[in-house]
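With the numbering used here, the residue at position 49 of the sequence shown is 1279, and numbering never jumps. Before any comments, here is the structure.
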Amino acid sequence: MLSRVFIASGLLLLSAIMPARADDPIPDSATIYAKVDAARGALPHAYKEVLAISQSNGAAWTETHYVNGDDYRTDYRGSDVELQSGKYKGDAWHQNANGQTVIHEPEPGLATKEAYTTTVTRIETPVTGYRIAELNVRGWGDIDYVDSTTWQIVRTDTIDGNGTSVETFGPRVKFGDIALAKIRHLHDADTGLDTTTEIVSYETDGIGDADVAIPPNRRQLVEFPPGNGAVNLPVTFQDDRIYVMVTINGKGYDFLLDSGAAGISVDPGAAANIGLQVFGTEKNAMNAGSFDTARGKIATMSIGPLTMHDVYVDTAPVVEYADGVKCLGLLGFDFLAELGVRIDYVNHAVTVHRWGTYTAPSGPAFNAIPVRLDDETPLVSATINGATAERITVDTGAQASFMLFNYFARRHPEALTGKHAHPWFRDVEFEGVGGIVETKPYQLSEIDFATMRFVDFIGYVVTSNAYGSDQDGLFGSDFLHFYDVFLDYPNGQIVLGLNETGRKAAKTR
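Pasting the structure below:
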């Protein structure tokens, strides 16, 4: 009896690693991936994996993966920066370069998911085996190439609006009971970089709950003067956009207060003027256009009586001229993350409150709107002509009232049928970070946002190759200026209260 069990087990293992024959029927993707997993071996319940990573821009760092059952954490440590991310007891999270921990709030899950079609074909190159493609209607998605002799994925292509990224995997090497590709190479179409990753070590002992727990903030970035819990920022309002005077090395610079920016950015020209040493140059193709970006650290930044030390910033082409203003940077998530913020568009004032001392207003006159900060921009849900969108950014830095991106348009063409195209307006161009955004105006029959309903609202649908990520759109400053806006990121909400401008506009409708 024992010998029969042994023989049966041996046949199962043999079938998992036997190469496919040309006349065999083509298996489905689930069968192929099951063979890939069997050839690799079962992953242990808990393990620690250390990777050495180098990039073609000269950047290098160590990545350490801790896994304990369903919980995991990854530490990224380079000579210039430290990052972390993971999932713990069902909560995904990350910690950015400035040490701020962000818990990822789940989406409501009511929006239509993007449809992907999976196809399996037999191939002879780059290996004999199978090509598994999972692509959307635009041909974007992932393609795996599987060697049917070793049952290893040897290459993965990822296709998006910026081109095709190609990751190749070297031969598997045994690490304990499993076999993994020791070295892999990635050419990233989004960043323009080539990355080499090598497994340095793989351990299965001593990994516990503490290794995967969510870390607290490493520090408080924005420092208030002693005894002062609220500060009015030095601001200039131009066309409903807000410019804040930031002092660096004794010189003042205008920065756009931009809730749509995932961090703090400095124009490369300004970076050179302040002597900012940058590292890790790569391409950013997720905004209005593609541009080179790098990371640096500013010793001290002051905004009125507020101070920030050792501030990690990115570079981005943000030079912008308004009446009496030359904008050279963006004040985004890292500045706003710890504060309570009131934006008063009527009186042209911005007040920020110290962490833990702020309570946003409530009551019938205010709309408290939950926001998700996973991408370090405030994402909200809305319904546009009956179609649900759960990834709309509240963007104080954007010029438009309401804008829809391709991610929404390709999933919901029924919400943007020809009868909604507005006949009175020509196509409109907006200026964004990295280039010009081309749009077509639409008279949207109905937008439902929080408890508010907007009828025959003029919005703009992006027609150029801009904002190619998975965001639905944005509410910009031309919409927000009708409200007193309260940003309350620590409590995961934005509060809107109709202001004098909004009340006058409501009466005239």
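We treat Cβ as the ideally placed atom computed from N, Cα and C, and that holds for glycine. Just so it is clear, the structure is predicted and the values come from calculations on it, not from any experiment.
Open item on the list: On the DSSP bridge list, what partners appear for Gly1406?
Closed with: The partner list for Gly1406 (beta bridge, DSSP) is empty, contrary to what the question assumes.
TODO: Using the Cα positions of Pro1464 and Asp1708, report the straight-line distance between them to the nearest angstrom.
DONE: 22 Å
- [ ] List the whole-angstrom C-beta distance separating Phe1467 from Pro1591, where the pair is believed to meet the contact cut-off of C-beta under 8 Å.
- [x] That belief does not hold up - the Cβ atoms of Phe1467 and Pro1591 are roughly 21 Å apart, past 8 Å.
Task: Residues near Ala1639 by beta carbon distance below 7 Å, same chain, minus five either side - done: Leu1646, Val1691
TODO: Could you name each continuous alpha helix (DSSP H) segment of 4 residues or more that falls completely within the segment 1650-1736, going from the start of the chain to the end?
DONE: 1707-1710
- [ ] Let me know the secondary structure DSSP gives Tyr1346 once reduced to three states.
- [x] coil
Task: Delimiting residues of the alpha helix (DSSP H) encompassing Ile1286 - done: What sits at residue 1286 in the sequence shown is Ser, not Ile. No alpha helix (DSSP H) holds Ser1286; DSSP gives it neither H nor E.
Open item on the list: I'd like the ranges of any alpha helix (DSSP H) spanning at least 4 consecutive residues and lying wholly in the segment 1414-1470.
Closed with: 1439-1442
Task: Closest Cα partner of Thr1731 within the set Arg1683, His1578, Asp1657 - done: His1578
TODO: Determine the extent of the alpha helix (DSSP H) in which Arg1270 is found, giving its start and end residues.
DONE: 1259-1270
TODO: Run through the segment 1595-1630 for me and flag every whole beta strand (DSSP E) of 3 or more residues, listed as ranges in chain order.
DONE: 1596-1600, 1609-1614, 1617-1624
Open item on the list: Please report the distance separating the alpha-carbon of Val1667 from that of Asn1298.
Closed with: 45 Å
Task: Arg1234 versus Tyr1306 - alpha carbon distance - done: Residue placement at Arg1234 is flagged as unreliable, the pLDDT there being 30, under the threshold of 50; the coordinate-derived value follows with that caveat. Cα to Cα, Arg1234 sits roughly 49 Å from Tyr1306.
Open item on the list: Can you give me the C-alpha to C-alpha distance between Gly1534 and Gln1701, rounded to a whole angstrom?
Closed with: 34 Å
Task: Candidates Asn1503, Leu1487, Pro1547, of which the one nearest Lys1481 by Cα - done: Asn1503
- [ ] Below 7 Å CB to CB, which residues in the same chain sit around Thr1331 once its five sequence neighbours on both sides are set aside?
- [x] Trp1323, Gln1325, Ile1444, Pro1445, Pro1446, Asn1447
Task: Local Cβ density within 10 Å of Ser1631, reported as buried at 16 or more and exposed below that - done: buried
TODO: Take Phe1565 and list the residues in its own chain whose beta-carbon comes closer than 7 Å to its own, dropping the five residues that flank it on each side.
DONE: Val1452, Ile1494
Task: Paired residues, beta bridge with Ser1315 - DSSP - done: Thr1304, His1324
Open item on the list: Would you call the segment 1272-1287 in contact with the segment 1422-1429, where contact means no fewer than 3 C-beta pairs closer than 8 Å?
Closed with: yes
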